[in-house]
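Participant: Our numbering puts the first residue of the sequence shown at -10, with every later residue one more than the last.
Ideal placement from N, C-alpha and C gives every residue a C-beta, glycine not left out.
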Amino acid sequence: MVLDDNAYVTRFTSLKQTLDDPAATYWGEGMRDDLLALVPILPDQAAEAALFRELAIVEAKRDEDTCLDHADRALAAQRASGALSDEALYFMHLFCADFAVAWTDDSRTEMHLDQAFALHGKLGRPAFEAFSLRMNKGVYERAYGRARMGLDWFEPLLDDLMAEYGPDSQQVRRVLGLLSDSERRLGNIELELAYAERSAGIPDVEAEEDPGKRVSTLTWLAGVRFRAGRVQAALAAFDEAIAHADAYCRPATQNFARERKSACFAEQDA
């Protein structure tokens, strides 16, 4: 069946309206399939850039590594057509970078981060998006053992997040955890412990809905305390985790807390 350009435009425009509507709901795999069905009837490279940009974002939101391949094709068509706005490119790079940092060690990750950074400044996007990019850049550098295991990014980010959101915010809590892990990788146990104590001392709002989050935090803190030689403090954190799990969590989480304690003190006895 041969379709004219208007048929493509009509079908793509309808899908794009759904994708751009923050209140719309759709099945991610179904949206992907609907977009891919348009590939055989692409009228030109401008349409190709726009279509594969949407595919890249849909697949990034679904945590699928094909998002990076779709982004490649969108960028190739963009070089030929110049059809996409800076804002359209920015969000594609932003979503692809967020996925790639979290789930891959793909060589294209740095390009998406760098392009998102550049376009963020050019477009004057909100500060919270820059905070997210800076955090991702630190995580990326840490994965490759660079920038003092990401500390060159996390340390100034912590100051900015405290100024923006306050010292007890969830954003600060997360970065303190990243700082603790970076110091662990560098062998700085006292700094690892200091950051861990600060992070664990900030209530996790997600633990209100998922009490297992508190168990995970306490067992993590207990492990850091144990490595730092604070054995009694580690024991107290493990016992608190077990008590919390027994009171609010399912058997699997109760067993997890006990297993973490047993494994930690078994290392001591070995």
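Taking 6 Å as the limit between beta carbons, can you name the residues of its chain near P240, skipping five residues before and five after?
Facilitator: Cβ within range, chain order: n/a, list empty.
Participant: Start and end of the alpha helix (DSSP H) containing R123?
Facilitator: R123 -> alpha helix (DSSP H) spans A116 to A132.
Participant: Under three-state DSSP, which class holds G17?
Facilitator: Here G17 sits in helix by DSSP.
Participant: Taking just the CA atoms, how far does A222 sit from D193?
Facilitator: One C-alpha to the other measures close to 21 Å.
Participant: Would you check if the distance between the CB atom of V164 and the CB atom of L147 is smaller than 8 Å?
Facilitator: Cβ distance < 8 Å, so V164 and L147 count as in contact.
Participant: May I have a chain-ordered list of the alpha helix (DSSP H) segments no shorter than 4 residues that lie completely inside the stretch 171 to 222?
Facilitator: Listed in chain order, the complete alpha helix (DSSP H) runs (minimum 4 residues) inside the stretch 171 to 222 are 178 to 189 and 201 to 216.
Participant: Determine the direct distance from the alpha carbon of D170 to that of K126, and round the result to whole angstroms.
Facilitator: Between K126 and D170, the C-alpha separation is close to 15 Å.
Participant: Nearest CA to the CA of R174: which residue from A132, D23 and L150?
Facilitator: Nearest of A132, D23 and L150 to R174, Cα basis: A132.
Participant: DSSP three-state call for T93: helix, strand or coil?
Facilitator: Coil.
Participant: Assuming L4 and L24 make a contact with CB atoms under 8 Å, what is their CB distance in whole Å?
Facilitator: About 6 Å; that satisfies the 8 Å criterion.
Participant: Short of 7 Å in beta carbon distance, which residues of its chain neighbour H82, apart from the five on each side in sequence? Order them along the chain.
Facilitator: Hits under 7 Å: H101, Q104, A105 and L108.
Participant: Specify the secondary structure class of L31 as computed by DSSP and reduced to three states.
Facilitator: Looking at L31 - three-state DSSP - the assignment turns out to be coil, as it is neither helix nor strand.
Participant: Going by CA-CA distance only, name the one from D(-6), F88, Q160 and I178 that's closest to E195.
Facilitator: If we check each option's Cα against that of E195, Q160 comes out closest.
Participant: What is the DSSP secondary structure of R163, reduced to helix, strand or coil?
Facilitator: Helix.
Participant: In whole angstroms, what is the alpha-carbon distance linking L57 and E18?
Facilitator: Distance between the alpha carbons of L57 and E18 is about 17 Å.
Participant: Please name the residue in T55, A136 and A119 whose C-alpha comes closest to that of R97.
Facilitator: Among T55, A136 and A119, the Cα nearest to that of R97 belongs to T55.
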